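Enquirer:
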Amino acid sequence: MAVAAKNVAVPVWRMTLAKWAYNKSYFPSLGMMRDDCLYETDVVKEAIKRLPNNVYDARQFRMSRAIYLSCNKDTLPKDEWTKIEEDELYLQPYIAEVERERDIKREWNKQ
Amino acid sequence: MSAKFTSRSVLQAFKRHVSARANTARQESTDAAGLQGLQVSKLPNGVTVASLDSTTSPVARVVLVANVGPRFEESDQLGITHCLRVSVDQANKSKTAFELTRHLTQIGANLSCTATRENLMYSLDCLKDNLDIGVSCLVSAATQQAFKPWEIQDCQQRIVFEAAVVEQQPEARLTEMLHQVAYRDTLGRSLYAPSHMFGKYSSEMLMEYVNKNFTAERMAVIGLGIGHKQLTRYLKTMSVPGSGSNTAKAAKYSGGEVRHEIGGDTAYAAIVTEGLGSQNKDAVALSVLQCVMGCGPTIKWSNGSAASKIIQAAGQATDQPFATSCINTTYSDSGLFGFYAVAQASQMGQVLKAVLSEFGSVTKNGVADQDVQKAKMQVKACAAMMSENGSNVIQNIAQQLLSEGTVQSQEEFFRLVDSVSKQDVVNVAKKVINGKPSMAAIGNLSTTPHLDELM
Numbered sequence: 101m102a103v104a105a106k107n108v109a110v111p112v113w114r115m116t117l118a119k120w121a122y123n124k125s126y127f128p129s130l131g132m133m134r135d136d137c138l139y140e141t142d143v144v145k146e147a148i149k150r151l152p153n154n155v156y157d158a159r160q161f162r163m164s165r166a167i168y169l170s171c172n173k174d175t176l177p178k179d180e181w182t183k184i185e186e187d188e189l190y191l192q193p194y195i196a197e198v199e200r201e202r203d204i205k206r207e208w209n210k211q
Numbered sequence: 305m306s307a308k309f310t311s312r313s314v315l316q317a318f319k320r321h322v323s324a325r326a327n328t329a330r331q332e333s334t335d336a337a338g339l340q341g342l343q344v345s346k347l348p349n350g351v352t353v354a355s356l357d358s359t360t361s362p363v364a365r366v367v368l369v370a371n372v373g374p375r376f377e378e379s380d381q382l383g384i385t386h387c388l389r390v391s392v393d394q395a396n397k398s399k400t401a402f403e404l405t406r407h408l409t410q411i412g413a414n415l416s417c418t419a420t421r422e423n424l425m426y427s428l429d430c431l432k433d434n435l436d437i438g439v440s441c442l443v444s445a446a447t448q449q450a451f452k453p454w455e456i457q458d459c460q461q462r463i464v465f466e467a468a469v470v471e472q473q474p475e476a477r478l479t480e481m482l483h484q485v486a487y488r489d490t491l492g493r494s495l496y497a498p499s500h501m502f503g504k505y506s507s508e509m510l511m512e513y514v515n516k517n518f519t520a521e522r523m524a525v526i527g528l529g530i531g532h533k534q535l536t537r538y539l540k541t542m543s544v545p546g547s548g549s550n551t552a553k554a555a556k557y558s559g560g561e562v563r564h565e566i567g568g569d570t571a572y573a574a575i576v577t578e579g580l581g582s583q584n585k586d587a588v589a590l591s592v593l594q595c596v597m598g599c600g601p602t603i604k605w606s607n608g609s610a611a612s613k614i615i616q617a618a619g620q621a622t623d624q625p626f627a628t629s630c631i632n633t634t635y636s637d638s639g640l641f642g643f644y645a646v647a648q649a650s651q652m653g654q655v656l657k658a659v660l661s662e663f664g665s666v667t668k669n670g671v672a673d674q675d676v677q678k679a680k681m682q683v684k685a686c687a688a689m690m691s692e693n694g695s696n697v698i699q700n701i702a703q704q705l706l707s708e709g710t711v712q713s714q715e716e717f718f719r720l721v722d723s724v725s726k727q728d729v730v731n732v733a734k735k736v737i738n739g740k741p742s743m744a745a746i747g748n749l750s751t752t753p754h755l756d757e758l759m
């Protein structure tokens, strides 16, 4: 389950709220994951460049499919919607690394 | 016994420089040639550490040498050591590429990666005060490689560039061709990546190669200008990426001929037979023989015929510009002995025949006493002059430590050279020169004879 990044116990009410909010969102109905929908800042763009090829291709496929569905004002059948358990925050490690590198650069350039 | 001081060859190891050059314009003269105070020990993780302190210079040099040259490449990993050399400045597990470069520039140090066919040497030059940062950068670059996939892709461009630079240099290509035809695999593997491998090096491939080959008994760290306790302290946290033992496949000399026609005005050719490895007891006599035959002019811009027998012989065969020198390349278990010649395309046949007959006459008629004396002095002088430079000293110590386990001092080497007699030189000449020949030729080969026409 990729919802909590840290290994802390999440209260049950919090989990329930998260599930409800996820299922109410639009993007799972198009078959997308949360990291597909991130706004492409410079950090995110650099992280996307570092994705392994298969992850990048899967991302592209999901986005193309979502655009097609959105054009036809359609959604996937209910059983194909992304479920919160299957949603993987695949971009987070790369974003963390890019941010860390930027911080290091900023520290060095301060002096 | 080692004759590593005098391996004169066309072979040039390719350096990959990470950061701004340190401003050590003056050469520090070291008493390192005497090797007094060389201390050798083993770290808990199994890596050999050697250090030689010197108080005369503020510069310290540390070299991490791994017995992981192209010799150990499998046939599906060609050129992987080229990729390793080029990725020395990329991100590793403890520092990003940016951090590594900035640390080194901040302390004014030099980190480079040099490769011979047997060894990969990561060398650091820095001031003695900055050794803590310097050594941590060196160790992280050499043992904690991360090989991030996106950075490896960037490296491939550099590999393409370096291979293209080598493509422009016939002498470098000649050396690669010569080794390939003489040894086929092991020592025949090229220092540079072949074109069919451009873009094919992946993070997993490199990681697997490092984990298999960078084992503790094949690595050593040598410090020059740094005390032993200090060096051992800096290396306390060093971890070795590889485990298990991997014995080197013995180099098997095969011989043969390869030619590459590229046109132009000149032709380059090299003809060798199997020489001796550095552990062979006659290796020193072979170095003396090399200087008897002639290693090129000793006076700059002269034509060298007074200094070199083969230049003299070739000079009588042609009046056009040429260059020729005796090659003696020594590896740990094998070597190449012969000569290379560069001449105008139309004169190549005469030049090659003249030089070959000179080699032949040594086996038939022997050598003169004064030639042997002169050669011995040249060998000793060459060794002494090379040991003036700290980086030569440390690389020499590194290679000896890995291949023999002990380091020979200059006095011992000089004693060995002095003990070579005329008969030794003649015996080794007969043994080596009558072996199976290999020939490599590149350039305008219109008049260059084939090997069977020459022998």
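Listed in order, the protein sequences are those of chains A and B.
The first sequence begins at 101 in this note's numbering and counts up one residue at a time.
The second sequence begins at 305 in this note's numbering and counts up one residue at a time.
In this text, a Cβ means the ideal position worked out from N, Cα and C, and glycines have one as well.
As the structure is a computational prediction, the values presented were derived from the model and not from experiment.
List, in chain order, every chain A residue whose beta-carbon is nearer than 7 Å to that of E715 of chain B.
Expert: Taking the second sequence and counting its residues from 1, the one referred to as residue 715 of chain B is at position 411. Going along chain A, no residue has its Cβ under 7 Å from E715 of chain B, so there is no contact; the nearest lies around 48 Å.
Enquirer: Could you compute how far the alpha carbon of I698 of chain B sits from the alpha carbon of Y190 of chain A?
Expert: Walking along the second sequence from the start, residue 698 of chain B turns up at place 394. Walking along the first sequence from the start, residue 190 of chain A turns up at place 90. So the two alpha carbons sit approximately 47 Å from each other.
Enquirer: At a CB-CB cut-off below 8 Å, which residues of chain A make contact with R406 of chain B?
Expert: Along the second sequence, one-based indexing puts residue 406 of chain B at 102. W208, listed in chain order.
Enquirer: Under a CB-based cut-off of 8 Å, is F402 of chain B close to chain A?
Expert: Residue numbering aside, residue 402 of chain B sits at position 98 when the second sequence is read from its first letter. Taking Cβ atoms only, chain A reaches closer than 8 Å to F402 of chain B, which makes this a yes.
Enquirer: Counting pairs of beta carbons, one from the segment 525-539 of chain B and one from the segment 337-353 of chain B, are three or more of them closer than 8 Å?
Expert: Output reads yes: the segment 337-353 of chain B touches the segment 525-539 of chain B.
Enquirer: What first and last residue would you give for the beta strand (DSSP E) that runs through C430 of chain B?
Expert: Taking the second sequence and counting its residues from 1, one reaches residue 430 of chain B at position 126. Start and end: 424-431.
Enquirer: List, from N- to C-terminal side, the alpha helix (DSSP H) runs of 4 residues or more that fit wholly inside the segment 581-652 of chain B.
Expert: List check, alpha helix (DSSP H) in window: 587-597, 613-621.
Enquirer: Should C171 of chain A go down as buried or exposed, given a rule of 16 or more other Cβ atoms within 10 Å for buried?
Expert: Mapped onto the first sequence, residue 171 of chain A falls at position 71. With fewer than 16 Cβ atoms within 10 Å of its Cβ, C171 of chain A is classed as exposed.
Enquirer: Enumerate in chain order the residues of its own chain whose CB-to-CB distance from R563 of chain B is below 6 Å, with the five nearest sequence positions on each side excluded.
Expert: As a working mapping, residue 563 of chain B is identified with position 259 in the second sequence. Only A745, L749 meet the Cβ criterion.
Enquirer: Under the assumption that T570 of chain B contacts A649 of chain B (Cβ atoms under 8 Å), give the Cβ distance between them as a whole number of angstroms.
Expert: Here residue 570 of chain B is taken as the residue at index 266 of the second sequence, counted from 1. Here residue 649 of chain B is taken as the residue at index 345 of the second sequence, counted from 1. T570 of chain B to A649 of chain B, Cβ: 6 Å. Contact.
Enquirer: If you compare alpha carbons, which of B:E378, B:V392, B:E561, B:D489 is closest to L368 of chain B?
Expert: In the second sequence, the residue the question calls residue 368 of chain B occupies position 64. The shortest C-alpha separation from L368 of chain B is found at B:V392.
Enquirer: Measure the C-alpha to C-alpha separation of Y572 of chain B and E480 of chain B and round it to an integer number of angstroms.
Expert: As a working note, residue 572 of chain B is residue 268 in the second sequence. As a working note, residue 480 of chain B is residue 176 in the second sequence. Those two C-alpha atoms are separated by around 13 Å.
Enquirer: Taking only beta-carbon atoms, is A329 of chain B less than 8 Å away from chain A?
Expert: For the purposes of this step, residue 329 of chain B is identified with residue 25 of the second sequence, where counting begins at 1. Because the pLDDT at A329 of chain B is just 29, under 50, the model does not fix this residue reliably, and the value given afterwards should be weighed accordingly. It does not; no Cβ of chain A falls within 8 Å.
Enquirer: What does a CB cutoff of less than 8 Å around K432 of chain B pick up in its chain, not counting 5 residues either side in sequence?
Expert: Along the second sequence, read from residue 1 onward, the residue named residue 432 of chain B stands at position 128. Once the five neighbours on either side are set aside, the close Cβ partners of K432 of chain B are P362, V363, A364, G529, I530.
Enquirer: Assign G568 of chain B to one of two classes, buried (16 or more other C-beta atoms within 10 Å of its C-beta) or exposed (fewer than that).
Expert: Position 264 of the second sequence, counted from the first residue, corresponds to residue 568 of chain B. Exposed: under 16 other Cβ atoms inside 10 Å.
Enquirer: What is the residue span of the beta strand (DSSP E) that A121 of chain A lies within?
Expert: Position 21 of the first sequence, counted from the first residue, corresponds to residue 121 of chain A. No beta strand (DSSP E) contains A121 of chain A, which is instead part of the alpha helix (DSSP H) from 112-124.
Enquirer: Span of the beta strand (DSSP E) holding C417 of chain B?
Expert: For the purposes of this step, residue 417 of chain B is identified with residue 113 of the second sequence, where counting begins at 1. Its beta strand (DSSP E) spans residues 414-419.
Enquirer: Please tell me whether S506 of chain B and I456 of chain B are closer than 8 Å, where the distance is taken between their beta carbons.
Expert: Start at 1 with the first residue of the second sequence, and residue 506 of chain B comes out as number 202. Start at 1 with the first residue of the second sequence, and residue 456 of chain B comes out as number 152. Taking 8 Å as the Cβ cut-off, S506 of chain B and I456 of chain B qualify as a contacting pair.
Enquirer: Tell me which residue opens and which closes the alpha helix (DSSP H) that E201 of chain A is part of.
Expert: Sequence index remark: in the first sequence, residue 201 of chain A carries index 101 (1-based). Where E201 of chain A is concerned, the enclosing alpha helix (DSSP H) stretches over 192-210.
Enquirer: Would you say W605 of chain B faces chain A, with C-beta separation under 8 Å as the test?
Expert: One-based indexing of the second sequence puts residue 605 of chain B at position 301. No, no contact with chain A.
Enquirer: How should M681 of chain B be labelled, buried or exposed, when 16 other C-beta atoms within 10 angstroms of its C-beta is the threshold for buried?
Expert: Locating residue 681 of chain B in the second sequence gives position 377, counting from the first residue. M681 of chain B is exposed by the Cβ-count criterion.
Enquirer: Between P453 of chain B and chain A, is the shortest Cβ-Cβ distance under 8 Å, so that the two count as touching?
Expert: Your numbering for residue 453 of chain B matches position 149 in the second sequence. Closer than 8 Å: yes.
Enquirer: Please name the residues in the segment 137-168 of chain A whose beta-carbon is closer than 8 Å to at least one beta-carbon of chain B, in chain order.
Expert: So the close ones are K149, R150, P152.
Enquirer: When DSSP labels each residue in this structure, what does A688 of chain B get in the three-state scheme?
Expert: Position 384 of the second sequence, counting from 1, holds the residue named residue 688 of chain B. Residue state, collapsed to three classes: helix.
Enquirer: Who are the Cβ neighbours of V683 of chain B in its own chain at under 7 Å, not counting the five residues just before and after it?
Expert: Residue 683 of chain B sits at position 379 when you count from the first residue of the second sequence. The residues are T310, S591, V592, C595, V721.
Enquirer: Around the C-beta of G373 of chain B, are 16 or more other C-beta atoms found within 10 angstroms, so that it is buried, or is it exposed?
Expert: Taking the second sequence and counting its residues from 1, one reaches residue 373 of chain B at position 69. Buried, by the Cβ-count rule.
Enquirer: Determine, for I204 of chain A, whether the minimum Cβ-Cβ distance to residues of chain B falls below 8 Å.
Expert: By one-based count along the first sequence, residue 204 of chain A stands at place 104. Chain B, which has a Cβ nearer than 8 Å to the Cβ of I204 of chain A, makes this yes.
Enquirer: Do the CB positions of F451 of chain B and M511 of chain B come within less than 8 Å of each other?
Expert: As a working note, residue 451 of chain B is residue 147 in the second sequence. As a working note, residue 511 of chain B is residue 207 in the second sequence. A contact, by the Cβ cut-off of 8 Å.
Enquirer: Less than 8 Å separating the beta-carbons of V525 of chain B and V676 of chain B?
Expert: For this step, residue 525 of chain B is matched to residue 221 along the second sequence. For this step, residue 676 of chain B is matched to residue 372 along the second sequence. Cβ distance not < 8 Å, so V525 of chain B and V676 of chain B don't count as in contact.
Enquirer: Quick check on DSSP: helix, strand or coil for A497 of chain B?
Expert: To locate residue 497 of chain B, count along the second sequence from 1; it is residue 193. In this structure, A497 of chain B counts as coil in the three-state DSSP scheme.
Enquirer: Please classify A395 of chain B: does DSSP put it in a helix, a strand, or coil?
Expert: Position 91 of the second sequence, counting from 1, holds the residue named residue 395 of chain B. Coil.
Enquirer: M523 of chain B by DSSP, collapsed to three states: which one?
Expert: Walking along the second sequence from the start, residue 523 of chain B turns up at place 219. Note: M523 of chain B maps to strand in three-state DSSP.
Enquirer: Taking C-beta pairs closer than 9 Å, name the residues in chain B that E199 of chain A reaches, listed in chain order.
Expert: Residue mapping note: residue 199 of chain A aligns to position 99 of the first sequence, counting from 1. Neighbours of E199 of chain A on chain B: none; closest Cβ ~12 Å, over 9 Å.
Enquirer: In terms of residue numbering, what span does the alpha helix (DSSP H) encompassing I384 of chain B cover?
Expert: The sequence position of residue 384 of chain B within the second sequence is 80, counting from 1. Note, I384 of chain B: alpha helix (DSSP H), 384-390.
Enquirer: What residue range is occupied by the uninterrupted beta strand (DSSP E) comprising K346 of chain B?
Expert: Within the second sequence, the letter at position 42 stands for residue 346 of chain B. 342-346 is the span of the beta strand (DSSP E), which, as asked, contains K346 of chain B.
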